[in-house]
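Numbered per my numbering, the sequence shown spans residues 7 to 378.
Even for Gly, the Cβ is constructed at its ideal location relative to N, Cα and C.
For reference, the structure discussed in these notes is given below.
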Amino acid sequence: MIINHNLSAMNTYRQMGANQANASKSMEKLSSGLRINRAGDDAAGLAISEKMRGQISGLNQAQRNAQDGISLIQTAEGALNETHSILQRMRELATQAANDTNTDQDRQELQKELNQLTSEINRIGNNTEFNQKKLLNGSQELSGAGAAAGKYTSAAGNFSGGGIKLQIGANSLQNFTIDIFDMRAEALGVAGTSEGSAKLSGSSTFKTVATANANETFFNASGASTTGPSVKTDNGTVISAELVNKSANAVFASGSQNKLTDVGNKDATQTYALDIRSHKTATASISVIDAAISQVSAERSKLGAFQNRLEHTISNLGNSSENLQSAESRVRDVDMAKEMMEMTKSNILSQASQSMLAQANQRPQSVLQLLG
Numbered sequence: 007m008i009i010n011h012n013l014s015a016m017n018t019y020r021q022m023g024a025n026q027a028n029a030s031k032s033m034e035k036l037s038s039g040l041r042i043n044r045a046g047d048d049a050a051g052l053a054i055s056e057k058m059r060g061q062i063s064g065l066n067q068a069q070r071n072a073q074d075g076i077s078l079i080q081t082a083e084g085a086l087n088e089t090h091s092i093l094q095r096m097r098e099l100a101t102q103a104a105n106d107t108n109t110d111q112d113r114q115e116l117q118k119e120l121n122q123l124t125s126e127i128n129r130i131g132n133n134t135e136f137n138q139k140k141l142l143n144g145s146q147e148l149s150g151a152g153a154a155a156g157k158y159t160s161a162a163g164n165f166s167g168g169g170i171k172l173q174i175g176a177n178s179l180q181n182f183t184i185d186i187f188d189m190r191a192e193a194l195g196v197a198g199t200s201e202g203s204a205k206l207s208g209s210s211t212f213k214t215v216a217t218a219n220a221n222e223t224f225f226n227a228s229g230a231s232t233t234g235p236s237v238k239t240d241n242g243t244v245i246s247a248e249l250v251n252k253s254a255n256a257v258f259a260s261g262s263q264n265k266l267t268d269v270g271n272k273d274a275t276q277t278y279a280l281d282i283r284s285h286k287t288a289t290a291s292i293s294v295i296d297a298a299i300s301q302v303s304a305e306r307s308k309l310g311a312f313q314n315r316l317e318h319t320i321s322n323l324g325n326s327s328e329n330l331q332s333a334e335s336r337v338r339d340v341d342m343a344k345e346m347m348e349m350t351k352s353n354i355l356s357q358a359s360q361s362m363l364a365q366a367n368q369r370p371q372s373v374l375q376l377l378g
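Written out as structure tokens, the structure reads:
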């Protein structure tokens, strides 16, 4: 019998400490609901769980991205719905103007309304945007080119851009591109551009001339005269001449901006609406408007297909996120019933250890009987 080292007490004390530590871990897991609270609990499980969590958060954000894409499509489609209505009205006007019971004055009034409708289509195309991104001016088209020669020129799809890319997956390169054609009047073919030029020739010398709607216009051309038609540019400046003889310097300006314009060898363009001021042109305009209506219909159908695809994408992303969360839960979450059982076991063993430690501490007292 020894008294310097109470091995029974030491062993009981060690067991009691282990039981209390196990009880503390069980309490931590039960209070957090997680089986893995630190890397030491399960290093491999923690690594797997964190990768799954990254995927889950990516899938959830991809769902929100797809929802934003649907909102963008709805914005563009709503604007095209109004464009459709305008084109239908323009077709009605063209059909009315094709009837020879109308006088020239009647057709002129119809032309005025058609001009305004054409301008409104351009305004919708230029100003429709989502989060400061222009949608219908051709800047969101992937690629395309086209041209038509004649008095009216239009180039549906003659633009460039990268489309609108939506990140619809949790990983890189899992994106979806929405491309939207140019939906302005020129691209639809219901408006076009007219090009022209004018030249200076002759031996006249011009001096300062005053005009009715501008302050002054200066001509300092030596040996020059004007011939040819006037050409109207988009900014409202009327150019009535271009230089043929480079030794002459002639400038001409007219407009409300009161500025001089150099017209040396300069061409100008002007955008025009469809002409419905005669039976022939009104009849031709009907076919042009029909083609524009078909083009807008095709674009709306494409946007509708994009929207339906995104809706299915959102559903799939939600399903994937749900399944991945279930897998991550099995790795990281604690089984409450099992852990409660473990904590109860640890508490009972801890209490038993305390009782046994008390008895082990009493054993050296028996040595006193030998000394008595």
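Here the alpha carbon of A311 sits roughly 24 Å from the alpha carbon of N132.
For the 8 Å CB-CB criterion, Q301 and L141 do not form a contact. For L13, the enclosing alpha helix (DSSP H) has its first and last residue at L13 to S38. Comparing C-alpha distances from E135 to each of N177, N181, Q102 and I186 shows the shortest one belongs to I186. Between I174 and the set N108, I42, I130 and I76, the nearest pair of CA atoms involves I76. Using a Cβ distance threshold of 8 Å, N143 and D188 count as a contacting pair.
For I79, the uninterrupted alpha helix (DSSP H) run begins and ends at A49 to A103, by DSSP. Distances from the CA of L116 to each of L377, T287 and I170 were compared; the closest alpha carbon is that of T287. Rounded to whole angstroms, the separation of the alpha carbons of I354 and D341 is 20 Å. When the beta-carbon positions are compared, A68 and L323 come within less than 8 Å of each other. Pairing H90 with V294, the inter-Cα distance amounts to about 14 Å. By the beta-carbon neighbour count (other beta carbons within 10 angstroms, threshold 16), S359 is buried. K139 is bridged by DSSP to F136.
Within a 10 Å sphere around the beta-carbon of M22 sit 16 or more other beta-carbons, which makes this residue buried. Straight through space, the alpha carbons of A100 and K308 are spaced by roughly 28 Å. Straight across, the Cα-Cα distance linking M347 with A366 is about 28 Å.
Setting aside the 5 residues that flank it on each side, T81 is surrounded in the same chain by F136, each with a C-beta closer than 6 Å to its C-beta; the list follows chain order. If you check the CB distance, V337 and I62 do not come in under 8 Å. The bridge partners DSSP lists for L172 are F182.
No Cβ-Cβ contact shorter than 8 Å links A103 with R95.
In this structure, the straight-line span from the alpha carbon of L13 to that of V373 is close to 15 Å.
Of the other Cβ atoms in all chains shown, fewer than 16 fall within 10 Å of the Cβ of N177; this residue is therefore exposed.
When secondary structure is reduced to three states using DSSP, D188 falls in the coil class, being assigned neither helix nor strand. Out of Q111, Q180, S145 and L280, the CA that lies nearest to the CA of A191 is found in L280. D281 sits in coil when the DSSP states are folded into three classes, being neither helix nor strand. In terms of CA proximity to R129, E88 leads the group T319, E88, H318 and P370. The C-alpha of T319 lies about 30 Å from the C-alpha of G51. Linking K139 to A333 through their CA atoms gives a straight-line distance of about 39 Å. The alpha carbon of S145 has as its nearest neighbour, out of I127, K57 and G169, the alpha carbon of G169.
Counting only residues of its own chain and dropping the five nearest sequence neighbours on each side, A45 has a CB closer than 7 Å to the CB of L52.
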